[in-house]
Each structure stands twice: as structure tokens, then as C-alpha cells.
């Protein structure tokens, strides 16, 4: 059954706030932050103007990909309570405007990144946009319950791009930063999906809790949380950071794991929402901000001789 979005009929005139909403500003905050941390933690230096341009391009590219995602999924968004108030399903914008806006932002971000920063960083940015807007949104999301596992790579690129903007090459450290976000994404997103699964079921999106059930999803959340412990500490293990990062990463990751255990063993679906899932989801956001923030703190401490 196809859900007809109001944007397919008569759209009201959109204003700048609707275009800004297309960029998913809350998601973009995390993208910008991890990209900035990758840039600041990288060895070497970068001209502040070039560095600002790199982060701006990451933000614009993420916004363009988000706009393309909402253009493609306008009908689905109209059928879900969580997304029905977005500009397209709410009828405040024509779908073609969202599509053109997304293409313009995406293309501009890649071109500016290439000309001002470097074409390797621009190429990775282009891959991240295509990964999210095409591979995840169009191909993976409607077809497989592993959509968020494979699609998690889309949100894992920003720190790698920031790192490459400074160094001009891809080494083990930016690959590890990519991997941390890649393995963090499934437990983060599935914790959310557990308490909004009815929305996904209603529009036919095969999210893990809908297709495989809660028990399987909970076990996988725990499995990914276990994997995250050594992975988050890996930059310390390989000598890429000091103990400030390493000890904090282990503490944060064990806390993440501790919050995932009640989610894994929970069986009841009663009533109000599922507090363990909400706690894990909320902490997962804090976790990533704190983990990448301490990566920069560790780098600054090392520069001033305070590392151990």
C-alpha cells in the first residue's frame, strides 16, 4: 500500500526553516562534531580557514544527503508518527524542491571540498553522500533488517574526512574511528527502534525488531556493545592516543555495555515505554560525544606534554 504524502498534492509555500529542517540539524550536530574531532585529533596542522571549510563541507554534504533521504521517503514519513511533521509529509514543500535542494548541497560540498581542501577528502565525502542517499535509503532500508548495520557506514565517514583533510592520507587511526561509529550505530539505532517499532511495521520498513523480533534484536544489541569495548580502546592499544583517551574510552564503553545488559534480558513490553531502551539510546549519544571529545583532549594534552 502506497501512502500518499501531502507534498504530492498541494504544498504550501516553504520558508527557510523548512529547508533547514530537511538537513536533519540534530543529526548534523553529531556529524559536525565527529568530523571536527577527527580534524583536531589528526597529526599535523591545517590552516584554520581550510579547516573551517572542511567542516562546513562535511555539514553541507550531510545536509544534502538528509534532504535526498527525505525526498525519497516522503510517503513513508507521512505514515509514521515520528516523521509526519517533516516539511514534505506535512505538505509545506514540493518534493522536487527537496530533491533539487539536496542535489545542490551535495554537489557544492564535494566541489568546494575538492578545490579548497583536497580531492581525497572530497572523494570520501562523495562516497558518504551516495552511501546514505542511495545505498542506505533506496537500496538497503526497504529490503533487509541488516539495513542499519551496513548503512551505518554512512555516518561513520565524518571523522575520517576530518582526519584526511589534515593529513592527506588514510591510515589505521581514521579507519578505527570509522569502525567505532560503524559498530556503535546498530545498538544506538536498535535501542530507538525497539520503542518505535510499530511505526516501522505500519509502513513496511523491515527494521530488526519488526522482522526478527525483540529477542533477537536485544541479543544483537548486547553483542555489538561487547564488540565496542575493545574497538573503542583500539586507538590506545596501537599507540595512536595516550592513556587519557584509552582509560576514558574503556570506562565509557563498559558503561555502554552495562546499560545494554538490561535491554538484552528484558522480555516485557508493558506499558510505558521501555525505560532500559530509552536509557541506552540517550547514553549512546552522550557516549559518542564524550568519546570523540576526549580524543581531542588527549591530543591537546600530548602536545603540551601532559600525556602518559
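Residue numbers (this note's numbering): 5 to 312.
Where is the CB? At the ideal position from N, CA and C, for every residue including glycine.
Just to check my reading of the structure: residue 215 and residue 149 have Cβ atoms closer than 8 Å, yes? What is that Cβ distance to the nearest angstrom? 4 Å
Please go through the segment 91-143 and give each complete alpha helix (DSSP H) segment of 4 or more residues, from N-terminal end onward. 99-120, 123-134
Residue range of the unbroken alpha helix (DSSP H) whose run includes residue 206: Taken as a continuous stretch (DSSP letters only), the alpha helix (DSSP H) holding residue 206 covers 201-207.
So residue 236 and residue 284 are supposed to be a Cβ contact under 8 Å. How far apart are they, rounded? No, residue 236 and residue 284 are not in contact; Cβ-Cβ is about 16 Å, not under 8 Å.
May I have the straight-line CA-CA distance separating residue 24 from residue 309, to the nearest angstrom? 42 Å
Report the three-state DSSP secondary structure of residue 302 (helix, strand or coil). helix
In chain order, each alpha helix (DSSP H) run of at least 4 residues that lies wholly inside the segment 144-220: 151-155, 157-171, 176-199, 201-207, 212-215
Can you give me the Cβ contacts of residue 142 inside the same chain, cut-off strictly under 7 Å, excluding the 5 residues immediately before and after it? 76
Can residue 87 and residue 79 be called in contact, C-beta distance under 8 Å? no
Applying the 10 Å Cβ sphere with the 16-neighbour rule, what's the burial state of residue 45? buried
Assigned secondary structure, residue 32 (DSSP; H/G/I helix, E/B strand, else coil): helix
Between residue 19 and residue 90, what straight-line distance do the alpha-carbon atoms span, to the nearest angstrom? 13 Å
Within 10 angstroms of its Cβ, does residue 69 collect 16 or more other Cβ (buried), or is it exposed? That one is buried.
Is it buried or exposed for residue 194, if we count other Cβ within 10 angstroms and need 16 for buried? buried
So, do the segment 156-167 and the segment 183-191 have three or more beta carbon pairs nearer to each other than 8 Å? Result yes; three or more Cβ-Cβ pairs closer than 8 Å.
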